[in-house]
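A short write-up of the structure that comes next.
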Amino acid sequence: MTITLNHTIVPARDKQASATFLAKLLGLHVGEPFGPFVPVRVGETLTLDFADADFADRGVTTIAPHHYAFQVDDAEFDEIFERIVAAGLNYYAEPHEPHRYGEINTWRGGRAVYFDDPNGHIMEVLTPSNP
């Protein structure tokens with residue numbers, strides 16, 4: 001049996017705006033809303049299903065940050081990084097303190113860059129490491 005991750009739900013304050021933000025930076029498309037979700041297809045089998053996180057009735061008023069990492073080739077990395085810079089986003093080389101703002105991580109032979117989405121989720125774009 002082959003197991004494939006099909007979708008995951010991304011909590012957001014504004015699901016449409018959050019899906020559009022990520023899709024624009026990664027060069028992806030926002031799908032048609034279905035039910036409470038706004039999907040962004042990543043690759044052939046995975047969608048990130050953005051959903052408004054409204055759990056105030058349960059006493060939850062904040063969104064816990066999640067980490068989402070997207071492996072791309074070098075050309076895609078360059079294109080995405082250009083969009084990150086053009087958007088004026090703060091980017092950094094380490095997801096933990098110190099962040100090393102304004103730098104790209106090259107410690108494993110590839111490249112990685114981190115940035116936060118409007119909900120505080122930590123987004124990572126990385127290339128494969130070199131052996």
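Residue numbers (UniProt numbering): 1 to 131.
Virtual Cβ for every residue (Gly too), placed ideally from N, Cα, C.
Nothing here was measured: the structure is a model prediction, and the numbers come from that model.
* Is it the case that the Cβ atoms of F37 and F21 are separated by a distance below 8 angstroms? -> Translated into the one-based positions of the sequence shown, residue 37 becomes position 37. Translated into the one-based positions of the sequence shown, residue 21 becomes position 21. No, Cβ-Cβ distance for F37 and F21 is not below 8 angstroms.
* Thinking just about the alpha-carbon of each residue, which of P65, E76, M123 and V72 is nearest to the one in H11? -> The count along the sequence shown starts at 1 and reaches residue 11 at position 11. Just to set this straight, residue 11 is Pro in the shown sequence, not His. Nearest C-alpha to P11: P65.
* To do: May I ask which residues mark the beginning and end of the beta strand (DSSP E) holding E44?
  => The residue you call residue 44 lines up with position 44 of the sequence shown. Looking at the DSSP string, E44 is not in any beta strand (DSSP E), and its letter there is neither H nor E.
* Beta-bridge pairing of Q71 - partner residues as DSSP gives them -> Looking up residue 71 in the sequence shown gives position 71. For Q71, which the question treats as bridged, DSSP gives the partners L126.
* **Spatial distance of D116 from Y91 (CA atoms)** => Along the sequence shown, one-based indexing puts residue 116 at 116. Along the sequence shown, one-based indexing puts residue 91 at 91. Y91 has its alpha-carbon roughly 8 angstroms from the corresponding atom of D116.
* Where does V125 land, buried or exposed, given buried means 16+ other C-beta within 10 angstroms? -> Along the sequence shown, one-based indexing puts residue 125 at 125. With 16 or more neighbouring CB atoms inside 10 Å of its own CB, V125 falls in the buried class.
* Give the straight-line distance between the Cα atoms of W107 and D52, rounded to the nearest whole angstrom. => As a first step, residue 107 must be located in the sequence shown, where it is residue number 107. As a first step, residue 52 must be located in the sequence shown, where it is residue number 52. Taking the straight line from one Cα to the other gives about 36 angstroms.
* To do: Go to A112, then tell me how far its beta strand (DSSP E) extends in each direction, as first and last residue.
  => The residue given as residue 112 occupies position 112 in the sequence shown. Secondary structure note for A112: its beta strand (DSSP E) is the uninterrupted segment A112 to D116.
* **Cβ separation of L25 and R100, assumed to be a contact under 8 angstroms, to the nearest whole Å** => Along the sequence shown, one-based indexing puts residue 25 at 25. Along the sequence shown, one-based indexing puts residue 100 at 100. Not quite, the Cβ-Cβ distance comes to about 20 angstroms (not below 8 angstroms), so this is no contact.
* Is DSSP giving D54 helix, strand or coil here? -> Indexing the sequence shown from 1 puts residue 54 at position 54. Coil at D54, not helix or strand.
* Asked: Do the CB positions of P39 and T45 come within less than 8 angstroms of each other?
  -> Here residue 39 is taken as the residue at index 39 of the sequence shown, counted from 1. Here residue 45 is taken as the residue at index 45 of the sequence shown, counted from 1. No; because the gap between Cβ atoms is not below 8 angstroms, this pair is not in contact.
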